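Quick notes on the structure that follows.
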Amino acid sequence: MGGRLMTQEKTSLHGLNGVLTGGLLIGFSGIFTKWAEQGGVGNLGVGFYRMLFALPFIYLLGLKDPYPEVKTSYRWAWLAGAIFAVDLSIWHASLHYTTAANSTLLIGLAPCWVMLIEFFVKGKRPHALAFMGIVFAFTGAALLAFSKGARFGLGYGEILASVASMAYAVFMLTMNETRKFLSARRALLHVSLSSMVVFGAIGLLLGESFTTFTPHAWKSLLGLGLVVQFLGWWAISWGMGHISSALSSIGLLIQPLATIVIGWWLLGENLKPLHALGAVFILLGIALGSRAPQKDASIPTRE
188 MGGRLMTQEK TSLHGLNGVL TGGLLIGFSG IFTKWAEQGG VGNLGVGFYR MLFALPFIYL
248 LGLKDPYPEV KTSYRWAWLA GAIFAVDLSI WHASLHYTTA ANSTLLIGLA PCWVMLIEFF
308 VKGKRPHALA FMGIVFAFTG AALLAFSKGA RFGLGYGEIL ASVASMAYAV FMLTMNETRK
368 FLSARRALLH VSLSSMVVFG AIGLLLGESF TTFTPHAWKS LLGLGLVVQF LGWWAISWGM
428 GHISSALSSI GLLIQPLATI VIGWWLLGEN LKPLHALGAV FILLGIALGS RAPQKDASIP
488 TRE
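Given below as structure tokens:
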């Protein structure tokens with residue numbers, strides 16, 4: 188019994204490390220997206236090529252993975268991919284009506300939505316440590332957002348960003364279900380494929396251009412595909428199969444911290460004392476959340 192518990196704790200730790208590593212890598216998404224848009228790429232084009240350039244590598248990585256026994260398992264992955272595309276589309280749209288800092292602040296509400304959805308839909312009461320972890324991590328994310336000029340408001344942009352945070356929460360819960368049936372690589376393959384189809388379809392309907400970009404923009408799109416979608420989300424997808432949805436959502440709040448550090452590193456942006464305080468709160472939140480009970484050993488998870 189003791190050995191089984193230790194194995195579970197070790198697996199959960201590895202799962203959290205996977206989510207944190209992926210969260211750090213997807214911190215590059217902001218800068219790659221900014222460079223791509225400066226080169227003439229629209230929001231939907233960014234999403235489409237992000238998935239397209241990642242797909243060959245994800246496919247090769249999961250080539251030897253066993254197929255699931257139940258073919259309907261792919262439905263969860265395709266649903267997750269569609270939700271992810273909708274989430275990113277709404278979030279990008281919010282940036283036209285509010286500041287990036289405000290939008291980022293509201294996206295940080297995703298762990299709260301995860302907890303509420305699990306409570307009202309599944310009847311799952313949040314563990315006290317998980318709840319405290321969410322409070323600390325969101326406080327840290329809020330401090331980072333305020334340091335970049337975020338302000339409370341109820342405008343159209345704030346409403347869109349709030350809806351995007353709900354969609355992100357639903358995506359994480361759906362992805363968690365996907366990982367019960369599919370390996371991380373197969374899950375990511377079908378999620379990315381689904382997202383690409385949705386981005387492409389919406390882009391064609393809205394008449395967005397998918398060509399005539401600058402060489403620098405194409406390099407940025409390739410960076411999004413390889414660093415963010417392939418490496419970042421592969422690590423996250425694997426980790427999500429071994430920890431709870433609540434801890435996954437808390438762990439992903441490492442992304443805004445990573446974005447600020449990357450901005451300082453690559454763009455020479457200033458670091459402020461509030462950034463350090465926000466980082467401390469996020470790390471405390473992750474530490475508290477990691478102490479809460481994780482996945483039930485009776486629930487199977489594909490590697």
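Using the numbering used here, the first residue of the sequence shown is number 188, and each one after it goes up by one. The beta-carbon is built from N, C-alpha and C at its ideal position, and this holds for glycine as well. Since the structure is predicted, the reported quantities are computational estimates derived from the model, not experimental observations.
Cβ separation of residue i and residue j, assumed to be a contact under 8 Å, to the nearest whole Å
{"i": "phenylalanine 358", "j": "serine 260", "result": "Contact doesn't hold; Cβ gap of about 17 Å is too wide."}
{"i": "leucine 475", "j": "phenylalanine 306", "result": "Actually they do not touch by this definition, with Cβ atoms about 18 Å apart."}
{"i": "methionine 427", "j": "arginine 366", "result": "5 Å"}
{"i": "isoleucine 277", "j": "alanine 329", "result": "Rounded, the Cβ-Cβ distance is 20 Å, inconsistent with contact."}
C-beta atoms of residue i and residue j nearer than 9 Å
{"i": "serine 290", "j": "glycine 210", "result": "no"}
{"i": "tryptophan 265", "j": "leucine 360", "result": "no"}
{"i": "alanine 466", "j": "glycine 327", "result": "yes"}
{"i": "leucine 231", "j": "isoleucine 389", "result": "yes"}
{"i": "alanine 356", "j": "tryptophan 300", "result": "yes"}
{"i": "glycine 229", "j": "serine 382", "result": "no"}
{"i": "serine 432", "j": "glycine 249", "result": "no"}
{"i": "proline 443", "j": "glycine 295", "result": "yes"}
{"i": "threonine 401", "j": "glycine 227", "result": "yes"}
{"i": "alanine 241", "j": "glycine 412", "result": "yes"}
{"i": "isoleucine 441", "j": "glycine 202", "result": "no"}
{"i": "lysine 335", "j": "alanine 288", "result": "yes"}
Rounded straight-line distance, which links the Cα of residue j to that of residue i
{"i": "valine 233", "j": "alanine 404", "result": "10 Å"}
{"i": "leucine 418", "j": "histidine 314", "result": "31 Å"}
{"i": "leucine 200", "j": "serine 477", "result": "8 Å"}
{"i": "tryptophan 425", "j": "glycine 205", "result": "7 Å"}
{"i": "leucine 408", "j": "threonine 446", "result": "17 Å"}
{"i": "serine 352", "j": "leucine 247", "result": "32 Å"}
{"i": "alanine 280", "j": "leucine 293", "result": "14 Å"}
{"i": "tryptophan 263", "j": "methionine 362", "result": "7 Å"}
{"i": "leucine 212", "j": "tryptophan 420", "result": "8 Å"}
{"i": "glutamate 415", "j": "phenylalanine 219", "result": "Per the sequence shown, the amino acid found at residue 415 is valine instead of glutamate. Those two C-alpha atoms are separated by around 9 Å."}
{"i": "leucine 439", "j": "proline 298", "result": "9 Å"}
{"i": "alanine 479", "j": "leucine 316", "result": "5 Å"}
{"i": "glycine 472", "j": "isoleucine 437", "result": "7 Å"}
{"i": "arginine 237", "j": "glycine 410", "result": "8 Å"}
Terminal residues of the alpha helix (DSSP H) in which residue i lies
{"i": "proline 298", "result": "297–309"}
{"i": "lysine 176", "result": "Summary: the structure shown does not reach residue 176, with the chain confined to residues 188 through 490, and so no result is reported for it."}
{"i": "glutamine 157", "result": "Since the first residue shown for the chain is 188 and the last is 490, residue 157 is missing from the structure and cannot be characterised."}
{"i": "arginine 478", "result": "Element bounds for arginine 478: n/a, residue is neither H nor E."}
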